[in-house]
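Visitor: The opening position of the sequence shown corresponds to residue -14 in this note's numbering, with each subsequent residue numbered one higher.
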Amino acid sequence: MTLDQLKYFETAANTLHIGKAAQLLNISQPSLSISIKKLEAELEVPLFQSEGRGIALTSYGRELLPYARSILQQTEAAKKHLKKEADKLNMEIHFAYTASIAYLCIPRLFRDFMAATKGKYLIYSDEMPSDKIAEGIKEGRFDLGICSRIEPDPDIVQIPIIYQPFVLILPSSAPYAGLDFATPEDIQEIPFVSYLTDYPMYRQVSGLFQKYGLTPQITHFAYSEDSIAQLVSQELGISIVAETESLASYENIRILRPSWLTDGRYLYLTYHRLRHQGDGARAMTEFIKNSFS
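#1: So which of Ala119, Glu136, Arg260 has the shortest CA-CA distance to Gly130?
#2: Using the C-alpha atoms, what's the distance from Ile154 back to Ala248?
#3: Quick one: what's got a C-beta closer than 6 Å to Tyr180's C-beta in the same chain, skipping five residues either side?
#4: Could you tell me the alpha carbon to alpha carbon distance between Leu254 and Met269, rounded to whole angstroms?
#5: Quick check on Gln202: buried or exposed, where buried means 16 or more other Cβ atoms within 10 Å of its Cβ?
#6: Could you tell me which uninterrupted beta strand (DSSP E) segments, each at least 3 residues in length, are contained entirely in the region 152 to 237, listed from first to last along the chain?
#7: Using CA atoms only, rank isn't needed, just tell me which of Lys65, Leu74, Arg38 is closest to Gln262.
#8: Between the Cα of Tyr109 and the Cα atoms of Tyr82, Gly46, Ile240, which residue gives the shortest distance?
#9: If you drop the 5 nearest sequence neighbours on each side, which residues of the same chain put their C-beta closer than 6 Å to that of Ala84?
#10: Quick check on DSSP: helix, strand or coil for Ile3?
#11: Do Ile78 and Asp128 have their beta-carbon atoms positioned less than 8 Å apart in this structure?
#12: Spell out the partners DSSP gives Cys132 in its beta bridges.
#13: Taking Tyr52 and Pro31 to be in contact with their CB atoms under 8 Å, please state how far apart those CB atoms are, rounded to whole angstroms.
#14: Using DSSP with H/G/I as helix, E/B as strand and the rest coil, what is Phe277?
#15: Confirm, please, whether the CB-CB distance from Leu57 to Leu283 is below 8 Å.
#16: Only counting the same chain, and skipping five residues up and downstream in sequence, which positions put a Cβ closer than 8 Å to that of Ile141?
#17: Trp245 and Thr168 look like a contact to me (Cβ under 8 Å); what is the Cβ gap, rounded to whole Å?
#18: Over what stretch of residues does the beta strand (DSSP E) that includes Ile40 continue unbroken?
#19: Nearest by alpha-carbon distance to Glu48: which of Lys69, Glu(-5), His66, Arg242 is it?
#20: By the DSSP assignment, the alpha helix (DSSP H) with Leu17 in it spans what residues?
#21: Tyr251 and Ile147: beta carbons closer than 8 Å?
#22: Which one or two residues does DSSP pair with Arg239 in a beta bridge?
#23: Closer than 7 Å by C-beta to Leu280: which residues in its own chain qualify, once you throw out the five before and the five after it? Chain order, please.
#24: Report, in whole angstroms, the separation of the C-beta atoms of Ser218 and Ile238, which I expect to be a contact under 8 Å.
#25: Going by beta-carbon coordinates alone, are Tyr161 and Gly265 separated by less than 8 Å?
#26: Does the separation of the CB atoms of Ala207 and Leu216 fall below 8 Å?
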């Protein structure tokens, strides 16, 4: 029993005339008659009987009709619901990003994308750590994001798009503010503000310390470049961070680029390898690839 058979049966039951039903269905009379005969053979009961120039429902046909109508109505409701969901998927973009690009990069990206697409799409955005972004993409809560390098995952695609060199930041009014930190050993005896230990940047900066055999005096842990910069500005220590656009807005910190500090980090366009993207998410993915290439 197919949906077409039920639709043909219902139309014939409504018109009680094979010719009129075939015309409404835009099929030939023989095709309609064959379809109804196949349905009757499958159900092993007659659904119609001849009556004058038309047809009439048998008792079995009258029993089947409300079920056929219910199935067809539910099918139509399901189609409308799925179309609504598909339209929603195509028009909405769920995007996540790290705090390090929240200051200017993300607003500028959204502005340029909306201008390029004439405001066609609706963007839902959220700021969070890189591992949470990857988790949200895997779970389907986000279409794409920009974040640090995560642990290799076969389901996740990461494309490097932004490079941020490491810089040394220190309070401009602290006793050690005049130091140039010409060697890495110069940071050894000064309080150090670190990234949180479960962040990718913590692992990178720790690798730098190991490279030079350093054991810094960590006194504070913080979430992002801005939160670290705020602590540094209050003379709570120095730090090594990725150079973000927001650092230049702090008047009471110095930004140094000593010759020994040559490392940096990439930020990555991140999305699911296999999950279907709506029109908006695909458009933004391609826009980011082209904008940062």
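Built from N, CA and C at the ideal position, the CB exists for glycine as well. Just so you know, these numbers come straight off a predicted model, no measurement behind them.
Guide: In this structure, then:
#1: Distance from the Cα of Gly130 is smallest, within the candidate group Ala119, Glu136, Arg260, for Ala119.
#2: The identity of residue 248 in the sequence shown is Asp, whereas the question assumes Ala. So the alpha carbons of these two residues sit roughly 15 Å apart.
#3: Closer than 6 Å at the Cβ level, and outside the excluded window around Tyr180, lie Met186, Tyr187.
#4: About 11 Å.
#5: Exposed, by the Cβ-count rule.
#6: Within the region 152 to 237, the complete beta strand (DSSP E) runs of at least 3 residues are 176 to 180, 202 to 207, 224 to 227.
#7: The shortest Cα separation from Gln262 among Lys65, Leu74, Arg38 belongs to Leu74.
#8: Ranking Tyr82, Gly46, Ile240 by Cα distance to Tyr109 puts Tyr82 first.
#9: Excluding its 5 nearest sequence neighbours in each direction, Ala84 has C-beta neighbours in its own chain below 6 Å: Glu112, Ser209, listed in chain order.
#10: Of the three classes helix, strand and coil, the one that applies to Ile3 here is helix, per DSSP.
#11: If you check the CB distance, Asp128 and Ile78 come in under 8 Å.
#12: Under DSSP, the beta-bridge partners assigned to Cys132 are Tyr253.
#13: Going by Cβ atoms, the distance from Tyr52 to Pro31 rounds to 17 Å, so no, they are not a contact pair.
#14: Residue state, collapsed to three classes: coil.
#15: The structure shown does not extend to residue 283, since the chain is modelled only from -14 to 278, so the question has no answer here.
#16: So the list reads Ala119, Ile122, Lys123, Ile135, Thr255, Tyr256, His257, Arg258, once near-sequence residues are dropped.
#17: Contact holds; Cβ gap of about 7 Å.
#18: Looking at the DSSP string, the run of the beta strand (DSSP E) that includes Ile40 is 39 to 42.
#19: Of the candidates Lys69, Glu(-5), His66, Arg242, Glu(-5) places its Cα closest to the Cα of Glu48.
#20: Counting along the chain, Leu17 sits inside the alpha helix (DSSP H) bounded by residues 14 to 28.
#21: Cβ atoms of Tyr251 and Ile147: closer than 8 Å.
#22: Arg239 is bridged by DSSP to Leu155.
#23: What the structure shows of the chain is the stretch from -14 to 278, and residue 280 is not part of that stretch, so it cannot be assessed.
#24: Cβ-Cβ separation between Ser218 and Ile238: approximately 5 Å, consistent with a contact (criterion under 8 Å).
#25: For Tyr161 and Gly265, no; Cβs fall outside 8 Å.
#26: Contact flag set, yes.
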